[in-house]
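Numbering (the working numbering), first residue to last: 27 to 259. By construction, the Cβ of each residue, glycine as well, lies at the ideal position given by its N, Cα and C atoms. Predicted model, so just to flag it, every value in this text is computed and none were measured. Contents: one structure, followed by commentary.
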Ligand code: CA
């Protein structure tokens with residue numbers, strides 16, 4: 027085993043922090059639109075429904091900018107509630123992600139320990155380059171990674187093989203020398219498996235049990251990755 031790659035949202039940063047971030051984006055958008063009379067949590071819930079529906083359709087497909095997908099989702103919500111979207115919506119989004127994004131408590135120490143063991147440590151993420159760059163810098167993690175591969179770089183979304191193959195190429199390792207850690211059994215585990223990488227599912231509360239068979243390992247805490255890589259070697 028020579029390389030360990032991580033997914034980003036739900037694997038290195040928490041889904042709870044991501045929800046708080048998105049709620050604050052909606053709150054700011056409504057403030058700018060002069061529509062603070064609307065319940066931002068309710069508007070956020072509709073926005074989440076819209077964007078997750080759009081992103082589900084994109085799984086495995088050719089890359090389109092996530093900022094456009096997010097803006098599209100917000101447009102549908104804005105039409106429904108009758109408010110206008112600020113021109114700097116994406117800048118607001120980047121700023122809120124930087125401000126409210128939360129790492130899992132053992133993420134930093136796990137990455138550092140893997141690096142000390144001599145592993146190439148990378149990210150493979152369905153992200154726009156400006157988003158992941160700004161987010162990692164805000165978290166103080168940017169320089170820690172040996173490689174960052176996005177769907178923007180690869181031209182496709184996970185579980186398409188291209189993001190995984192590009193990451194392996196950048197790290198200069200073979201698929202069987204690499205492990206992928208993610209929180210989505212169908213995008214992360216199956217995507218990794220299809221190119222011959224081993225996969226680890228982070229399933230904190232054991233809620234994804236019906237899909238565990240898609241993954242080589244299942245963990246409830248990120249630092250368990252250290253035991254897995256030591257065990258494989
Ligand atoms: Ca994820």
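Taking a contact as a CB-CB distance under 8 Å, the pair residue 212 and residue 230 does not count as one, their CB atoms being some 18 Å apart.
Residue 206: not part of any alpha helix (DSSP H); member of the beta strand (DSSP E) spanning 204-208, first to last residue. Every alpha helix (DSSP H) of 4 residues or more that sits fully in the stretch 166-244 is shown, in chain order, as 177-180, 187-197 and 216-221. Assigned with DSSP and collapsed to three states, residue 43 falls in helix. DSSP places residue 127 outside any beta strand (DSSP E), giving it a letter other than H or E. When the five nearest sequence neighbours on each side are left out, the beta carbons in the same chain lying within less than 8 Å of the beta carbon of residue 259 are those of 27, in order along the chain.
Check the Cα spacing between residue 112 and each of 191, 51, 255 and 209: the tightest is with 51. Proximity of the beta carbon of residue 208 to ligand 1 is indicated: a heavy atom of the ligand is located closer than 7 Å.
The continuous alpha helix (DSSP H) containing residue 164 extends over residues 155-164. With a contact defined as Cβ atoms closer than 8 Å, residue 128 and residue 43 qualify at about 3 Å. Contact annotation: residue 176 and residue 155 have beta-carbon atoms nearer than 8 Å.
CA-CA distance, residue 153 to residue 60, rounds to 30 Å. Counting of Cβ neighbours within 10 angstroms places residue 55 among the buried residues, the total reaching 16 or more. Less than 8 Å divides the Cβ of residue 168 from the Cβ of residue 159. In the structure shown, the three-state DSSP call for residue 99 is helix.
Within the DSSP secondary-structure output, residue 29 pairs in a beta bridge with 146 and 204. Residue 93 and residue 77 have their alpha carbons spaced roughly 11 Å apart. In the assembly as shown, residue 233 is an exposed residue. Its beta-carbon has fewer than 16 other beta-carbons within 10 Å.
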